[in-house]
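In the working numbering, the protein residues as written are 272 to 388. C-beta atoms are modelled at their ideal positions from N, C-alpha and C, and glycine is treated no differently. For clarity, every value in this text was computed on a predicted model and none was experimentally measured. What follows is one structure encoded as structure tokens, with my remarks underneath.
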Ligand SMILES: [Zn+2]
């Protein structure tokens with residue numbers, strides 16, 4: 272496990288994932304990885320918020336390449352997931368964010384935004 276840079280902020284929990292931009296404000300959200308009880312495990316992605324219209328949720332999209340063995344080339348692919356958007360981070364549309372996998376928070380929500388980039 273790597274250390275999270277807390278920079279003297281004792282109210283922020285160590286999530287086990289090093290981040291540069293820790294939230295400056297606190298929140299009461301139980302599903303916040305920094306102020307609540309949510310544990311992070313699994314995959315980490317960086318993407319852009321394409322929708323922030325939902326309450327405490329955001330849609331994050333990122334592009335990646337996938338190999339096509341038949342043509343020995345790569346194709347561009349797009350992934351889109353809904354992620355939990357804690358009040359202390361409050362990412363808006365167009366923000367570049369990092370998301371981490373967590374336990375399922377709802378039927379479609381299995382990721383949480385951990386920092387703005
Ligand atoms: Zn928080």
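Any non-hydrogen atom of ligand 1 within 6 Å of residue 306 CB: On the chain shown, position 35 is the one that residue 306 refers to. Yes - ligand 1 has a heavy atom lying nearer than 6 Å to the Cβ of residue 306.
Option nearest residue 385 by Cα separation, candidates 297, 371, 321 and 327: In the chain shown, residue 385 corresponds to position 114, counting from 1. It is 371.
Same chain, Cβ closer than 7 Å to residue 375, neighbours up to 5 away in sequence not counted: Against the chain shown, residue 375 aligns to sequence position 104. Once the five neighbours on either side are set aside, the close Cβ partners of residue 375 are 381.
Helix, strand or coil at residue 363 [DSSP, three-state]: As a first step, residue 363 must be located in the chain shown, where it is residue number 92. Three-state result, residue 363: coil.
Residue 330 burial status per 10 Å Cβ neighbour count (16 or more: buried): Taking the first residue of the chain shown as 1, we reach residue 330 at position 59. Its Cβ being crowded by 16 or more others within 10 Å, residue 330 is buried.
Counterpart residues of residue 283 in DSSP-defined beta bridges: If you number the chain shown from 1, residue 283 lands on position 12. For residue 283, which the question treats as bridged, DSSP gives no partner whatsoever.
Residue 303 CB to nearest heavy atom of ligand 1 below 6 Å: Counted from its first residue, the chain shown places residue 303 at position 32. Yes, the Cβ of residue 303 comes within 6 Å of a heavy atom of ligand 1.
Nonlocal neighbours in the same chain, by C-beta distance under 6 Å from residue 364, ignoring five residues either side: Within the chain shown, the letter at position 93 stands for residue 364. For residue 364, where only same-chain residues beyond five positions count, the Cβ hits under 6 Å are 320 and 323.
Distance between residue 336 and residue 348 (C-alpha atoms, nearest Å): Within the chain shown, residue 348 is the residue found at index 77, counting from 1. Within the chain shown, residue 336 is the residue found at index 65, counting from 1. C-alpha separation (whole angstroms): 6 Å.
One or two residues paired with residue 383 in a DSSP bridge: Position 112 of the chain shown, counted from the first residue, corresponds to residue 383. Answer is 355 and 371.
Assigned exposure category for residue 295 - 16 Cβ within 10 Å defines buried: On the chain shown, position 24 is the one that residue 295 refers to. With fewer than 16 Cβ atoms within 10 Å of its Cβ, residue 295 is classed as exposed.
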